[in-house]
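Visitor: Per the numbering used here: the sequence shown ends with 300, consecutive numbering throughout.
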Amino acid sequence: MIIDGHVHLLPRKVRRNRDRYCEIDRGFGAVYSSGKSRLATDTDIIHYLDESSIDKAVVFGFPWEKRDLVRENNDEVWDFHDRNPDRIIPFAVLPPHPTEGPYREASRTLGQGFAGIGELAMYHGGWSLSDFEALQPSLELAGAKQAPVLIHVNEPVGHHYPGKQPVDFRGLLHIIESNPKVDFILAHWAGGLFFYALMPEVRAILERTYVDTAASPYLYSSEIFQVARIILGPGKILFGSDYPLLPFKRYLKELEKAGVEEQTKGKILGGNMEELLSGETKVGGFSLKLRGATVLENI
Ligand SMILES: [Zn+2]
């Protein structure tokens, strides 16, 4: 089973009038005002999955500043899932600012059946401690629903690119530690935060945290796959392409170059995500089925 864990679908009206939305929404403008950033349609996504022999994709929109647009984007993602229930796994975006009711949208979408929350991002100004703390009510809900939460995280160093924003790593660790029932997925190799899992106290905090590979070929040399495997273990790496940013074959090339062995490759390309979404969680060496089960409250 191959699952792409990081695919974007933006609202039709945005795709038709991109320049206007670059002006209206500062975060969108920061990422998409460069004509190089592509916008995919639902048809493009299905075509991409078919031609790459990818079974399923986790699909989500963009964290618009205005909640109406967030809702519209989530509704289009849900509709896409509805038309392709075996292939499209819907995650829900939330507006970045508390005044726009992120909790209400989290509650609406998770209640509707969305499989997770994300990709949450602060494309205008970056993530501060208070931004992370403002997520708390939505995170509690996600924890109760066993819905993973995907967060956009950048590296604090290196070259600049559209969408790269500062991230308060201490703040990020703080909310992860405060929400031990939540499975976090930190996009873009967690901006390198996972390196600190070599520190025992950080490893303990990141026990239920995954990283995804989105945009990896633009950011790291292929050795990152082996380094992450050694630090986090093969079960914590999720393939995500950031489609339409990069095609599947670029990631296969990186895996090849890194010499990742077949079993680990299978986990990265879909096995880990399948397990995560099924609600299987390893506790004390045992695999417990948690999603929807009463045992949930005891853990
Ligand atoms: Zn991202």
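A virtual CB, placed ideally from N, CA and C, is assigned to each residue, including glycine.
T210 bridges to which residues according to DSSP?
Guide: BP columns for T210 point to F185.
Visitor: For L246, which residues of its own chain have a beta-carbon under 7 angstroms away from its beta-carbon, when the five flanking residues on both sides are left out?
Guide: Closer than 7 angstroms at Cβ, skipping near neighbours: A216.
Visitor: Less than 7 angstroms between C-beta atoms, sequence neighbours within five positions excluded: which residues of the same chain meet that for N155?
Guide: K165, Q166, V168, H189, G192.
Visitor: Give a yes or no on contact between the stretch 101-111 and the stretch 59-73, applying the rule of three or more CB pairs nearer than 8 angstroms.
Guide: Result yes; three or more Cβ-Cβ pairs closer than 8 angstroms.
Visitor: To the nearest angstrom, report how far apart R88 and S108 are at their CA atoms.
Guide: So the two alpha carbons sit approximately 24 angstroms from each other.
Visitor: Provide the residue(s) that pair with R58 in DSSP beta bridges, ordered along the chain.
Guide: Before going further, note that residue 58 is Ala rather than Arg in the sequence given. Partner(s): D5, I89.
Visitor: From L140 to V183, what distance separates their C-alpha atoms?
Guide: For L140 and V183, the distance between alpha carbons rounds to 7 angstroms.
Visitor: So is L277 buried or exposed if we call it buried at 16+ other beta carbons inside 10 Å?
Guide: The residue is buried, with at least 16 neighbouring Cβ atoms inside 10 Å.
Visitor: Identify whether G119 lies in helix, strand or coil by the three-state DSSP scheme.
Guide: Three-state result, G119: strand.
Visitor: Going residue by residue through the stretch 235-279, where are the continuous beta strand (DSSP E) segments of at least 3 residues, counting only ones entirely within it?
Guide: If we require 3 residues or more, the stretch 235-279 turns out to have no beta strand (DSSP E) run fully inside it.
Visitor: When the Cα of A58 is compared with those of N85, S34, R68, which residue comes out closest?
Guide: It is N85 whose Cα lies nearest to the Cα of A58.
Visitor: Can you tell which of R21, Y219, S54, I46 has the C-alpha that lies nearest to the C-alpha of R251?
Guide: Looking at the Cα atoms, Y219 is the closest of the given residues.
Visitor: Taking the continuous beta strand (DSSP E) assigned at V150, which residues delimit it?
Guide: Here the beta strand (DSSP E) through V150 covers 150-152.
Visitor: Please go through the same chain and pick out, in chain order, the residues whose beta-carbon is closer than 8 angstroms to the beta-carbon of K266, but skip the five residues on each side of it.
Guide: Result list for K266: L256, in chain order.
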